[in-house]
């Protein structure tokens, strides 16, 4: 046990003392805050067309002439010139487009010509206005009162999501839960890769420099692997702890000086059960890290350089990548769906899938208990398998390993 503690201490102190660790500890929260502000600034006018566009309209149906409305950076100009002549003007003008509306626009497609590929916002605006005009024309042809219909369309029904609890009724804050869930999934996904890769690189460096031969003479391979995994894991927890403390300080500062919009966002986030979410996050980070880092260590012991790791890395990380892609596209929309439940039970996918579900607060206790139990069983099993491969692989040099070779190493007797 003392030997494992010494290895943990060495791995932890060596990494924490590095300048890169200190820089990342203080700069990451600032970078995240800056990136969030930049995204908000850029996205503020993302639904508008920033570059002025002139659209010449050739309307053969004579149903849209004069009805297309100019917007902030779009100017519609009706014209009767032939389409071929109008096309020639496109060669020297990138800000000019031509909208050709056929006589029977219901059966023949409306064509939009431009020198370069038009922006999605531009074509969407044109299509939206044309659909509205076409609908109005159809209603007028059928003697429908369009003024009354437009008045009815302005009526809006807002649904306020409320959650009924033993303490009473409270705002469900679905948007905040969705945001926190996706953020936790991304953070878990990135941290498992980053810190797992650190374990793998550490093993490769010691193996290629032949330091491993000296270390193995004093400690057992399992002790070395376990100490390395725990040491790097503590480095990760230290960074997370520092980021949380700095984020709390930043929140307090914003709380005193922020504008109403930021304060509203902070108040919304305060409705999320922070203690419950943080506790689950720490558990799934630790258990997921132990599971994947053991496999990363086994991969590091089986190769002589980082370029040789690809054939082993893809099968290991595929479940994690698959769940991450589902989390940011599908799972957050239906956190209690059968797919989300099953993915949150399987150890290789649970760290990401469960952290999408937890902020919504609807995970039954029995599902959380089974998921956590499976995570413990999963990392114990993967640690056992990885240790048997590691004890042989760290002393193998100059031989390219394969999955068949790894299986042989697993069954070698002590």
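Residue numbers (the numbering used here): 727 to 1140.
Glycine included, C-beta positions come from ideal geometry on N, C-alpha and C.
Secondary structure at residue i, three-state DSSP: helix, strand or coil?
i            : result
residue 789  : coil
residue 735  : helix
residue 1054 : coil
residue 937  : helix
residue 1008 : helix
residue 814  : helix
residue 822  : strand
residue 1041 : helix
residue 988  : Because the pLDDT of residue 988 is 45, which lies under 50, any placement of that residue in the model is unreliable, and the number read from its coordinates should be weighed accordingly. Helix.
residue 797  : strand
residue 1126 : coil
residue 802  : strand
residue 836  : coil
In or out: residue i buried (at least 16 other Cβ within 10 Å) or exposed?
i            : result
residue 1090 : exposed
residue 903  : buried
residue 936  : exposed
residue 1117 : buried
residue 1088 : exposed
residue 921  : buried
residue 739  : exposed
residue 958  : buried
residue 1023 : buried
residue 947  : buried
residue 938  : buried
residue 987  : Confidence at residue 987 is low in this model, with a pLDDT of 45, below 50, so its placement is unreliable and no value can be given for it.
Which residues in the same chain as residue i place their Cβ atom closer than 6 Å to its Cβ, once the five residues preceding and following it in sequence are excluded?
i            : result
residue 749  : none
residue 836  : 827
residue 840  : 823
residue 907  : 1058, 1082 and 1085
residue 1035 : 1025 and 1029
Alpha carbon to alpha carbon, how far is residue i from residue j?
i            : j            : result
residue 1093 : residue 830  : 58 Å
residue 1068 : residue 855  : 45 Å
residue 1132 : residue 845  : 52 Å
residue 985  : residue 1004 : Any reading at residue 985 needs caution, since the residue's pLDDT is 43, under 50, leaving its predicted position unreliable; the model's value is listed next. Distance between the alpha carbons of residue 985 and residue 1004 is about 27 Å.
residue 1076 : residue 1000 : 20 Å
residue 778  : residue 932  : 60 Å
residue 1078 : residue 1104 : 15 Å
residue 915  : residue 1050 : 7 Å
residue 918  : residue 1122 : 27 Å
residue 696  : residue 850  : Because the chain in this structure spans residues 727 to 1140, residue 696 falls outside the shown range and cannot be described.
residue 783  : residue 810  : 13 Å
residue 1135 : residue 1129 : 10 Å
residue 1040 : residue 1021 : 12 Å
residue 971  : residue 747  : 16 Å
residue 982  : residue 975  : Confidence is the limiting factor: at residue 982 the pLDDT is only 49, short of 50, which leaves the residue's position unreliable, though a coordinate-based value still follows. One C-alpha to the other measures close to 11 Å.
residue 991  : residue 815  : Confidence in residue 991 is poor, its pLDDT being 47 and thus under 50, which makes the residue's placement unreliable; the coordinate value appears in the next sentence. The alpha-carbon atoms of residue 991 and residue 815 are separated by roughly 49 Å.
residue 905  : residue 1016 : 26 Å
residue 1037 : residue 729  : 33 Å
residue 848  : residue 1065 : 38 Å
residue 801  : residue 1080 : 50 Å
residue 866  : residue 857  : 14 Å
residue 1002 : residue 930  : 38 Å
residue 1061 : residue 1053 : 9 Å
residue 745  : residue 737  : 15 Å
residue 1107 : residue 945  : 22 Å
residue 1137 : residue 1045 : 26 Å
residue 1126 : residue 1097 : 37 Å
residue 1031 : residue 1095 : 40 Å
Residues in its own chain within less than 7 Å of residue i by CB, not counting five upstream and five downstream?
i            : result
residue 742  : 961 and 964
residue 1150 : For the chain, the structure presents residues 727 to 1140; residue 1150 sits outside this window and is missing.
residue 820  : 841 and 842
residue 874  : none
residue 1102 : 1013
residue 751  : 965 and 968
residue 756  : none
residue 754  : 969
residue 1007 : 910 and 1081
residue 863  : 789
Considering only residues of the same chain and omitting the five flanking positions on each side of residue i, which have a CB-CB separation below 8 Å?
i            : result
residue 942  : 950, 1120 and 1121
residue 859  : 789, 790, 793 and 794
residue 813  : 824 and 839
residue 1100 : 1071, 1072, 1073 and 1076
residue 732  : 953
residue 803  : 780, 781, 782 and 783
residue 786  : 826, 827, 828 and 829
residue 775  : Unreliable positioning characterises residue 775 in this predicted model, as indicated by a pLDDT of 49, which lies under 50. The coordinate reading is nonetheless provided below. Hits under 8 Å: 797, 798, 799, 800, 845, 847, 848 and 851.
Three CB pairs or more closer than 8 Å across the region 1023-1039 and the region 1109-1124: Taking one beta carbon from each stretch, the region 1023-1039 and the region 1109-1124 have 3 or more pairs nearer than 8 Å; the two touch.
Contact between the region 1068-1087 and the region 919-934 (3+ Cβ pairs under 8 Å): They do not touch, by the three-pair rule.
Cβ pair count under 8 Å reaching 3, the region 1052-1063 against the region 906-922: At 8 Å Cβ cutoff, the stretches touch.
The region 1011-1019 / the region 953-968 touching (three or more Cβ pairs under 8 Å): Yes, since at least three Cβ pairs between the region 1011-1019 and the region 953-968 fall closer than 8 Å, the two stretches touch.
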